[in-house]
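Asks: This is the structure, below, for whatever I ask next.
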Amino acid sequence: MKVRCYLRELMEERGLDQKSLAIAAGLGVTTVSRLYKNRFDRVDVTTLTKLCKFFQLKSVNELLDIEVEDEDPRSQDPW
Numbered sequence: 001m002k003v004r005c006y007l008r009e010l011m012e013e014r015g016l017d018q019k020s021l022a023i024a025a026g027l028g029v030t031t032v033s034r035l036y037k038n039r040f041d042r043v044d045v046t047t048l049t050k051l052c053k054f055f056q057l058k059s060v061n062e063l064l065d066i067e068v069e070d071e072d073p074r075s076q077d078p079w
């Protein structure tokens, strides 16, 4: 599965830097940086909520794109 975050694009459209967004949205600078660079393994629901509210997004789909790759489910370890 591939997850892409559009935070960079949203920030650039509004002329925001990472530190300003972190302060305004009530997030850690490291959290914002990881999402901005698409270098994250997971995202907390609270973080998504804060970003969606800050950018006035109607859906988390405007922030994240999730692509499920075609994989044979039998080849994956269920645990």
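Counting in full-length UniProt numbering, the sequence shown runs from 1 upward without gaps.
Here a beta-carbon is modelled for each residue, glycine too, at the ideal position from N, C-alpha and C.
#1: Just mark Q56 as buried or exposed, buried being the case when its beta carbon has 16 or more other beta carbons within 10 Å.
#2: Can you tell me whether K58 is helix, strand or coil according to DSSP?
#3: Does the beta-carbon distance from V32 to L21 come in below 7 Å?
#4: Assuming V3 is part of the beta strand (DSSP E), what are its boundary residues?
#5: What's the call for T30, buried or exposed, on a 16-neighbour Cβ count within 10 Å?
Replies: Result, derived from the coordinates:
#1: exposed
#2: coil
#3: yes
#4: 2-5
#5: exposed
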